[in-house]
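Enquirer:
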Amino acid sequence: MGLITINPNNGRQFADLKQTPIEELPKMLEDAKVAQKNWASKSFAQRSELLRAIALECEQNANDLGQLMHSEMGKPVEQAIGEVKAYCSGMGTSIKDMGLALKPAVDEFATGTTTVHYLPLGVAAIITPWNFPFGMPWTLLVPALLGGNAVLFKPSEICPQTALEMSKIFEKHLPKNTLQTIIGAKDHGVALVDQHVDLVAFVGSRNAGKAILKKASERATRVLLEMGGKDPMIVTPGANIEAAAKFAATASMRNTGQVCVSVERIYVHTDIAAEFVTALKANIEKISVGPENSSQADLLNLGPLSSETQMHHILKQVKAAVAAGATLEMGGNRLDRPGFWMQPTLLTGLSDQMEIMQEETFGPIACVQIVESMDEAIKFANNSRFGLGATLWADAGEESQKKALEIESGMVGLNRSFGGSEILLWAGAKESGYGHTGGISGMRSFLQPRTVTVAK
Ligand code: ADP
27 MGLITINPNN GRQFADLKQT PIEELPKMLE DAKVAQKNWA SKSFAQRSEL
77 LRAIALECEQ NANDLGQLMH SEMGKPVEQA IGEVKAYCSG MGTSIKDMGL
127 ALKPAVDEFA TGTTTVHYLP LGVAAIITPW NFPFGMPWTL LVPALLGGNA
177 VLFKPSEICP QTALEMSKIF EKHLPKNTLQ TIIGAKDHGV ALVDQHVDLV
227 AFVGSRNAGK AILKKASERA TRVLLEMGGK DPMIVTPGAN IEAAAKFAAT
277 ASMRNTGQVC VSVERIYVHT DIAAEFVTAL KANIEKISVG PENSSQADLL
327 NLGPLSSETQ MHHILKQVKA AVAAGATLEM GGNRLDRPGF WMQPTLLTGL
377 SDQMEIMQEE TFGPIACVQI VESMDEAIKF ANNSRFGLGA TLWADAGEES
427 QKKALEIESG MVGLNRSFGG SEILLWAGAK ESGYGHTGGI SGMRSFLQPR
477 TVTVAK
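Using the numbering used here, the first residue of the sequence shown is number 27, and each one after it goes up by one.
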């Protein structure tokens, strides 16, 4: 049976692809083990050179990759092309960080010399979601390969063609079987985790991540998991309201809200709530839906949701929130046209118990809850099983920096997003993640330390 993909822009079938026979996985693993030895025997400079060539060729093919992404998960073409280019441009930083991560540490002491080496782990299984069809695989494939590992890559069933196109470029430059791609859905992911790989690196939902963690525990296989978020944004009277409102609109709706670090919960102090909501509405009004409506003046242009399943999940959460007393200020509906298009939506009057304030939404929705104090906001923000990103909008003093540290997330921004620095660790707290990527220490998630002490 083939793997059928649907174009979310029109709801029609896009492709019917041949799936990888699951019974081939053991052979693929054996081939990967052989290829890994060869790959690891190359110098870091040789591996880096090949990865640089891959980045260059992906960038040259950004238009084709972007078009496929657009057709498979709905992202507007320009944004999809931008995604390819942005990730490719990070190759230099990845090489620099991996170079530092691979550097042995040496200590000479009275009776010996100890060297800590960082070696490849072996074969990495990489399992990725659909929201950034190029970017998510890239963030795991690049460090795994730079580190001298071979890879078995299982992309999302929503965007397999983007992955195949990407793999084609990688495979053209890499020695045979250094990267092998597995086409299929959840069953293929489950079967892959069941192989005796040395690392499972995964980005996706919390349920799938936990299932992987459980399965991997049978062999104590190393795991690296990013399992989504329910990012809070806290706005207090010291904040620049206009800047906060603009951020709230963009960070809630970017990529149609389908970002693991989307703003999913906004806690606003009662004293500034009316002013903030007015400014937020004005920003949401500048968000257009569909390429035909896009204009230079837009804050953002949104594509459709990626699937019918997502549409149902989101509409259900909105409906339940309204039934429980929330106010629908803007949007809230599916657009009457083929495909999976949803209006940008603003809900106010939310409370902490509602499902929409607890479970991941992944849609173009801004959810505002009024709080009485910064401490109450932090309490609500921390009342979550997730802990990926967060932002605090407050006066810029030291007290706010202390408060930022009280938010139980891996990445916190004060009066801005948390991203931008080369040393950012992509780390989830609580059930948002297990291990981390990014920076030099993130590169070491793909490496095995081996300490050798030589007698004097
Ligand atoms: P999303 O809907 O964000 O893609 P999923 O967690 O369902 O989130 O899927 C992410 C990736 O994990 C996909 O490639 C999917 O096929 C795969 N997957 C889903 N469930 C499992 C599982 N139990 N074990 C291994 N892989 C899985």
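Don't be surprised by glycine CBs; every beta carbon is placed ideally from N, CA and C. Being a predicted model, the structure only gives us computed values, none of them experimental.
#1: Comparing C-alpha positions only, which one of H199, C393 and R73 sits nearest to A277?
#2: Where in the segment 224–254 do unbroken runs of the alpha helix (DSSP H), each at least 4 residues long, occur, reported from the N-terminal end onward?
#3: Is A271 near the ligand ADP, with its Cβ less than 7 Å from a heavy atom?
#4: Is G161 near the ligand ADP, going by C-beta to nearest heavy atom under 7 Å?
#5: Going by the C-beta, is V315 closer than 7 Å to any heavy atom of the ligand ADP?
#6: Leaving aside the five residues before and after A299 along the sequence, list all residues of the same chain whose C-beta is less than 7 Å from its C-beta, in chain order.
#7: Mapping DSSP to helix, strand and coil, what is T141?
#8: Please determine, among D42, D224, A88 and L43, the residue with the shortest C-alpha to C-alpha distance to K59.
#9: Looking only at its chain, what residues have a beta carbon closer than 7 Å to the beta carbon of E197, apart from the 5 residues adjacent to it on each side?
#10: Are there 16 or more other CB atoms within 10 angstroms of the CB of V438, so buried, or fewer, so exposed?
#11: DSSP on Q395, reduced to helix/strand/coil?
#12: Distance check for G365 and V167, CA to CA, integer angstroms please.
#13: Report the CB separation of H14 from K180 in whole angstroms; it is logged as a contact under 8 Å.
#14: Any heavy atom of the ligand ADP closer than 7 Å to the beta-carbon of V219?
#15: Just to confirm, does K194 get its C-beta within under 7 Å of one of the non-hydrogen atoms of the ligand ADP?
#16: Following the continuous alpha helix (DSSP H) through S74, name the residue where it begins and the one where it ends.
#17: Using C-beta distances below 7 Å, list every residue in its chain close to C185, excluding the 5 sequence neighbours before and after it, in chain order.
#18: Going by beta carbon distance, what residues of the same chain come within less than 7 Å of S193, once the five residues before and after it are set aside?
#19: Please check the pair F444 and K256, which I expect to be a contact at CB under 8 Å, by giving their CB distance rounded to whole angstroms.
#20: Since I340 is in the alpha helix (DSSP H), which residue starts that stretch and which ends it?
#21: Would you grab the beta carbon distance between L361 and I310 for me? Rounded to a whole angstrom, and I think it's under 8 Å.
#22: DSSP state of G37, grouped into three classes?
#23: According to DSSP, simplified to helix, strand and coil, what is F135?
#24: M27: buried (16+ other C-beta within 10 angstroms of its C-beta) or exposed?
#25: Taking the straight line between their C-alpha atoms, what separation do you get for Y144 and T463?
#26: Could you give the distance in angstroms between the alpha-carbon of I195 and the alpha-carbon of A81?
#27: Helix, strand or coil for T463? Go by DSSP, reduced to three states.
#28: Exposed or buried, which one is G351 when buried takes at least 16 other CB atoms within 10 Å?
#29: Per DSSP, what are the beta-bridge partners of N327 in this structure?
#30: Cβ atoms of A416 and P201: under 8 Å apart, would you say?
#31: Mind checking whether F302 and A270 have CB atoms under 8 Å apart?
#32: Using 8 Å as the Cβ pair cut-off and three pairs as the minimum, do the segment 376–383 and the segment 278–288 touch?
Expert: Working from what's here:
#1: Proximity to A277 across H199, C393 and R73 peaks at C393, based on C-alpha coordinates.
#2: With a minimum length of 4 residues, the continuous alpha helix (DSSP H) runs that stay inside the segment 224–254 are 232–243.
#3: A271 Cβ: outside cutoff for every heavy atom of the ligand ADP.
#4: Checking every heavy atom of the ligand ADP against the Cβ of G161, none is found closer than 7 Å.
#5: Relative to the non-hydrogen atoms of the ligand ADP, the Cβ of V315 never comes closer than 7 Å to any of them.
#6: In chain order, I396 place their CB closer than 7 Å to the CB of A299, counting only its own chain and leaving out the 5 sequence neighbours on each side.
#7: Strand, per DSSP.
#8: Of the candidates D42, D224, A88 and L43, the one whose C-alpha sits nearest the C-alpha of K59 is D224.
#9: Excluding sequence neighbours, E197 sits near L205.
#10: Counting Cβ neighbours within 10 Å, V438 comes out buried, since at least 16 surround it.
#11: Under the three-state reduction of DSSP output, Q395 falls in the strand class.
#12: Inspection of the sequence shows that residue 167 is occupied by Leu rather than by Val. For the pair L167 and G365, the Cα-to-Cα distance works out to about 31 Å.
#13: Shown here, the chain extends from 27 to 482; a query on residue 14 therefore has no answer.
#14: V219 has its Cβ nearer than 7 Å to a heavy atom of the ligand ADP.
#15: The answer is no for K194.
#16: That run of the alpha helix (DSSP H) goes F70 to Q86.
#17: A distance below 7 Å between beta-carbons, with the five flanking residues on each side excluded, links C185 to the following residues of its chain, in chain order: M95, E98, M99, W156 and P159.
#18: Result list for S193: F179, L205 and T207, in chain order.
#19: Between K256 and F444 the Cβ distance is about 15 Å, and since that is not below 8 Å, they are no contact.
#20: It spans E334 to A349 - the alpha helix (DSSP H) in which I340 sits, taken as one unbroken run.
#21: That belief does not hold up - the Cβ atoms of L361 and I310 are roughly 15 Å apart, past 8 Å.
#22: In this structure, G37 counts as coil in the three-state DSSP scheme.
#23: In the three-state DSSP reduction, F135 falls in the strand class (E or B).
#24: M27 is exposed by the Cβ-count criterion.
#25: Here the C-alpha atom of Y144 lies approximately 16 Å from the C-alpha atom of T463.
#26: Inter-residue distance for I195 and A81 is about 9 Å (C-alpha atoms, whole angstroms).
#27: DSSP places T463 in the strand class (E or B) of the three-state scheme.
#28: So G351 ends up on the exposed side.
#29: Beta-bridge pairing links N327 to S314.
#30: Their beta carbons are not under 8 Å apart, which means P201 does not touch A416 by this criterion.
#31: A distance below 8 Å separates the beta carbons of F302 and A270.
#32: Too few Cβ pairs lie closer than 8 Å, so no.
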